Amino acid sequence: MVRGGNVVATSQFTAWTPNNVGRRFNKCSMPKEQKYKFWEWVDDELPLRVTTLISNLKNENEALIRERNLLLMKVVEIESVLAGDVAKIEYFKELDNVKRRQ
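Take any residue in the sequence shown, count from 1 to its spot, add 54: that is its number in the numbering used here.
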């Protein structure tokens, strides 16, 4: 990108603010001390209906991820309980075998 006769190194980002959700923009990628105040939109402004839809889908996706993570934790808890029960069953089977041998 050229600005004021200088070449400006830019990076592309995606906005996730409610008004500009999913909209891409470029800004200077130089370290803070050397940074130009360069910033521009790559995408045109999206209609309100589209930004609302994207925001809602993003929120729904995040909620589903949280729910999945909770369910995975419950699976781990259940597996550990079952593993403990299996260990107890094996212990009692071994005791029963010892008693039968006597």
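Note that the Cβ used here is the ideal one computed from N, Cα and C, for glycine as well.
Remember, predicted model here, so these are calculated numbers, not experimental data.
Give the DSSP-derived three-state secondary structure of Thr105 in the structure shown.
-> If you number the sequence shown from 1, residue 105 lands on position 51. It is helical.
Backbone secondary structure at Phe67 - three-state DSSP = On the sequence shown, residue 67 is found 13 positions in, with the first residue counted as 1. Residue state, collapsed to three classes: strand.
Going by other Cβ atoms of all chains shown within 10 Å of its Cβ, with 16 needed for buried, is Arg120 buried or exposed?
-> Against the sequence shown, residue 120 aligns to sequence position 66. Exposed, because fewer than 16 other Cβ atoms sit within 10 Å of the Cβ of Arg120.
Do the stretch 124–134 and the stretch 100–109 meet, that is, are 3 or more Cβ pairs less than 8 angstroms apart?
-> Proximity of the stretch 124–134 to the stretch 100–109 falls short of the contact definition, fewer than three beta-carbon pairs being nearer than 8 angstroms.
Are Leu100 and Arg78 closer than 8 angstroms when you measure CB to CB?
-> For the purposes of this step, residue 100 is taken as residue 46 along the sequence shown, with counting starting at 1. For the purposes of this step, residue 78 is taken as residue 24 along the sequence shown, with counting starting at 1. No, the Cβ-Cβ distance between Leu100 and Arg78 is not below 8 angstroms.
Going by DSSP, name the residue or residues bridged to Arg78.
-> Locating residue 78 in the sequence shown gives position 24, where the first residue counts as 1. According to DSSP, which records beta bridges pairwise, Arg78 is partnered with Thr68.
Considering only C-alpha positions, which residue in the set Asn113, Ala63 and Met84 is nearest to Thr71?
-> Start at 1 with the first residue of the sequence shown, and residue 71 comes out as number 17. That would be Asn113, whose Cα lies nearest to the Cα of Thr71.
Unbroken beta strand (DSSP E) run spanning Glu94, endpoints | For this step, residue 94 is matched to residue 40 along the sequence shown. Element bounds for Glu94: Trp93 to Trp95.
Contacting residues, own chain, Cβ-Cβ under 8 angstroms from Ser83 (five flanking each side not counted) | In the sequence shown, counting from the first residue as 1, residue 83 sits at position 29. Excluding residues within five positions, the ones whose Cβ falls inside 8 angstroms are Ala63, Thr64 and Ser65.
Alpha carbon to alpha carbon, what distance is there between Asn123 and Asp98?
-> Translated into positions along the sequence shown, residue 98 becomes position 44. Translated into positions along the sequence shown, residue 123 becomes position 69. In a straight line, the C-alpha of Asp98 is about 36 angstroms away from that of Asn123.
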